[in-house]
Amino acid sequence: MTEISKKFAILFPGQGSQSVGMLADLAATFPIVQDTYAIASEVLGYDLWDLVQQGPVEKLNQTEYTQPALLAAEFAMWRIWQSMSPKDLPAYLAGHSLGEYSALVCAAAIDFKDAIALVAKRGQLMQQAVPEGKGAMVAIAGLDNDKILAVCKEAAQGQMLAPANYNSIGQTVLAGEREAAERTVTIAKAAGAKVAKLLPVSVPAHSELMQPAAAELTKILANIDIRDPNIAVVNNVDVAVYQDKAAVLDGLIRQLYSPVRWVELIQFLQSSGTHSFIECGPGKVLAGLNKRIIKEIPTIKFTDYIELM
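Residue numbers for the sequence shown, in our numbering: 17 to 325.
And the structure:
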């Protein structure tokens with residue numbers, strides 16, 4: 017098993033890491049898991065733990081439910097970390113899309129209860145911003161950034177289509193209007209893409225189509241108590257460490273309609289002297305992405321780290 021270096025980063029995944037039954041094994045050992053979900057359920061007004069454990073999967077995968085479910089999972093895992101290794105603090109925290117909210121909660125920039133209500137509303141706003149069936153996201157693998165932009169330009173035909181997630185070297189997700197996304201599949205394959213497929217989501221996240229949601233989110237954030245992070249949090253939008261609460265507020269608003277620059281973020285952490293990553297979330301989505309960005313730096317699953325302690 018790989019040991020944790022003294023300068024490490026904890027990373028929080030976003031949507032796509034959820035599954036029915038997640039964290040059941042951890043909950044059997046650590047009561048703090050269900051305690052965390054109980055706090056979230058009180059805020060939301062429904063039993064979030066029951067939804068996570070029993071489904072249905074179709075409901076769990078609706079973004080307004082996915083977002084609080086994952087935030088609660090990731091914060092619960094952080095609380096386990098604190099209970100077992102309270103002095104072993106990471107040099108950096110970072111999250112992929114929604115995961116950035118988890119990073120900010122763990123850095124004490126946002127209260128967990130406030131964040132649960134916030135991400136549930138964020139999910140609702142995202143769903144409301146674009147009518148069902150009008151937006152889409154498409155994953156492309158095997159094309160460099162220049163070819164991706166050329167594919168976008170050809171497929172758009174006057175409609176909105178742009179990179180949404182720079183996930184790893186050669187893997188990018190585009191978001192925009194559904195017709196443009198559908199055209200992208202054929203055009204990208206003709207351009208040499210190894211993979212070009214529509215994703216099973218209707219919300220074109222991290223695109224200009226989310227501007228209406230961002231406007232509403234701005235109003236909500238104005239009433240949230242945001243503090244300066246007490247651990248360095250690297251953001252998605254600028255690939256920079258948040259310096260104060262004003263920067264956090266600005267970053268969360270722009271994040272909604274700006275691409276996730278995950279490749280650059282991982283490269284930034286490497287250049288900052290980070291020698292290992294811990295994925296603090298269900299599954300191993302980020303481990304797979306990170307391996308294709310920087311092979312030399314291991315990404316360790318949270319559960320594997322727990323076994324080391």
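Yeah, the Cβ is synthetic: ideal placement off N, Cα and C, and Gly gets one too. The model shown is predicted, which means the values in this text are computed figures rather than measured ones.
To which residues of the same chain is residue i closer than 7 Å at the C-beta, ignoring the five residues directly before and after it?
i	result
S33	L86, G297, P298, G299, V301
L233	R138, L141, I269, L272
P275	P179, A180, N181, Y182, H222
V219	T79, M142, Q143, V146, G151
Between which two residues does the alpha helix (DSSP H) holding residue i run?
i	result
E170	161-172
G139	128-145
Y258	That residue, Y258, is in no alpha helix (DSSP H); it is neither H nor E in DSSP.
V121	115-122
V59	48-60
K205	194-206
L237	227-237
G304	301-307
If I measure Cβ to Cβ from residue i and keep anything under 6 Å in the same chain, skipping five residues before and after, which residues do I get?
i	result
R308	S184, I185
P133	First, the residue type needs correcting, since residue 133 is Ala and not Pro in the sequence shown. Once the five neighbours on either side are set aside, the close Cβ partners of A133 are V59.
E280	V255
E193	Q175, M176
K317	E295, K300
M93	C296, F318
A172	A196
In terms of residue numbering, what span does the beta strand (DSSP E) encompassing residue i cover?
i	result
K317	315-317
A25	24-28
I156	151-157
Y182	177-184
I96	First-last for I96: 79-100, but that is the alpha helix (DSSP H), not the beta strand (DSSP E).
A40	Per DSSP, A40 belongs to no beta strand (DSSP E); it is in the alpha helix (DSSP H), 40-45.
Look at the alpha carbon of residue i and the alpha carbon of residue j, and state the distance between them as a whole number of angstroms.
i	j	result
I236	P314	38 Å
P29	S118	9 Å
L190	V250	22 Å
L42	A54	15 Å
I156	K205	9 Å
S288	L105	16 Å
C168	D51	45 Å
I310	A303	10 Å
D162	Y62	46 Å
V257	A89	24 Å
K75	V253	29 Å
G115	R243	18 Å
D66	D320	26 Å
S292	R95	20 Å
D241	G267	15 Å
Q259	A231	23 Å
S113	Q31	8 Å
K261	N239	13 Å
D160	Q283	17 Å
Is the beta carbon of residue i sitting closer than 7 Å to the one on residue j?
i	j	result
G158	A209	yes
V146	L225	yes
I126	E170	no
V121	F128	yes
P246	A110	What sits at residue 246 in the sequence shown is Asn, not Pro. Not closer than 7 Å, so no.
A197	A152	yes
Q143	T79	yes
K103	T290	no
A248	Y108	yes
L305	A25	no
For residue i, which residues from the same chain have a beta carbon less than 8 Å from its beta carbon, with the 5 sequence-adjacent residues on both sides left out?
i	result
K213	V154, A155, V201
Q98	none
(message) Measuring CB atoms only, is the region 36-46 touching the region 77-97, in the sense that at least three cross pairs come out at less than 8 Å?
(response) Between the region 36-46 and the region 77-97 there are three or more inter-stretch CB-CB distances shorter than 8 Å, so the stretches are counted as touching.
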